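Residues are numbered in this note's numbering as their position in the sequence shown, beginning at 1, plus a constant of 17. Note that CB positions come from ideal geometry on N, CA and C, so glycine has one too. Remember, predicted model here, so these are calculated numbers, not experimental data. As structure tokens, the structure follows; a few thoughts come after it.
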Amino acid sequence: MRGALLLFVAALSACNGPASAPEGERPHPTIVSLNPCSDAVLAEVAAPGQLLAISHYSQNPASSSMDLAVARRFRAVTGSAEEVLALHPDVVVADPFLAPATRTALERAGIIVETLPIARNVEESREQVLSLARLAGDENPGVLLNARIDAALARAAAPRVNTPIPAVVWQAGGIVPGRETLVADLLARTGFSLASASRGMGQADYLSLEELLADPPYVLFVAGDGRSQENRMLSHPALDALAGTRRAQFDASLLWCGGPTIVRAVERLAEVRKSL
């Protein structure tokens, strides 16, 4: 799990979103999304019948960052070239880890392949939403989606007079997010400071239970199911002794994707802040 997470967050080094539909291409191309972060956006900005399939991750309750009822309206694919070719899309939106052989097979069939990296902040998310909407042929749904996200950010914003609250987001295996990540930006916008960054820790660094107990934050966001073997540290009995630390659950599926996922993420962060 930890190795997969490290591979996933390595995509943060890339920042370009998908391009607009090329000159001469269909104005409303059919699309297959192999990227769970583009699934949720395209489900909102694409026209009916335009999004042929989404990634299977978005139909898995353990990994989906979108409403499962919405996700289940679409066909789901695992990402093999054979599955995608059978759907005859004009465009495929994937993540930066798309297998080279799969990309080659799709491009040889005349399919345009676009990659969408993880948004590192709200601004990058806004641009990705607009880029995906333009790719689908109409920027207006993207503008409306961004307006809804901005409204949620405004509602969740902390009062300016408040001092940022030190918080740690503790993930499976003791992994913590770094400074230049979307969740760090969302924490800052909702009244928190990323305590792992102030400790000099970077993206996907490891924070041991012993280090956490020695210097506990004011708020500990637990991102994972502490009942699993790998995540048992997240529910360690020693955490109960941290009288000055508020422990709060944070859905791990809200950590990585921008777009409409931001709305749910900041609502949860604001809920915790207001409860302190």
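8 Å Cβ shell around residue i - same chain, five flanking residues per side excluded
| i | result |
| --- | --- |
| residue 13 | Here the chain comprises residues numbered 18 to 293, so residue 13 is not present and cannot be evaluated. |
| residue 45 | 64, 67, 153, 154, 155 |
| residue 285 | 267, 268, 271 |
| residue 142 | 136, 166, 199, 275, 276, 279 |
| residue 94 | 49, 51, 70, 71, 72, 73, 100, 101, 104 |
| residue 92 | 69, 70, 71, 104 |
| residue 215 | 183 |
| residue 122 | 98, 102 |
| residue 170 | 139, 206, 279, 283 |
| residue 78 | 85 |
Secondary structure of residue i, DSSP reduced to three states
| i | result |
| --- | --- |
| residue 166 | helix |
| residue 61 | helix |
| residue 135 | coil |
| residue 88 | helix |
| residue 68 | strand |
| residue 178 | coil |
| residue 258 | helix |
| residue 279 | helix |
| residue 253 | coil |
| residue 116 | coil |
| residue 77 | coil |
| residue 202 | helix |
| residue 284 | helix |
| residue 56 | helix |
| residue 151 | helix |
| residue 82 | coil |
| residue 161 | helix |
| residue 293 | coil |
| residue 227 | helix |
| residue 156 | coil |
| residue 172 | helix |
| residue 104 | helix |
Those residues which DSSP pairs with residue i across a bridge
| i | result |
| --- | --- |
| residue 184 | 211, 236 |
| residue 193 | 222 |
| residue 266 | 239 |
| residue 50 | 110 |
| residue 130 | 109 |
| residue 93 | 71 |
Cutoff 7 Å; reference residue i; Cβ partners in own chain excluding five residues on either side
| i | result |
| --- | --- |
| residue 124 | 130 |
| residue 289 | 236, 265 |
| residue 175 | 207, 208, 290 |
| residue 250 | 191, 226 |
| residue 193 | 185, 186, 187, 213, 218, 222, 224 |
| residue 47 | 67, 69, 106, 107 |
Cβ-based neighbour list, residue i, same chain, cut-off 6 Å, excluding 5 preceding and 5 following
| i | result |
| --- | --- |
| residue 179 | 208 |
| residue 75 | 53, 56, 81, 83, 88 |
| residue 273 | 135 |
| residue 210 | 181, 183 |
| residue 173 | 207, 283, 287 |
| residue 195 | 219, 220 |
| residue 96 | 51 |
| residue 259 | 233 |
Quick check: the stretch 99–109 against the stretch 122–137, are there 3 or more CB pairs under 8 Å?
yes
Any contact between the stretch 274–291 and the stretch 164–171? By contact I mean 3 or more CB pairs, one from each, below 8 Å.
yes
At a cut of 8 Å, does the stretch 233–243 reach the stretch 176–189 through at least three beta carbon pairs?
yes
Within 8 Å, do at least three Cβ pairs link the stretch 250–257 to the stretch 53–61?
no
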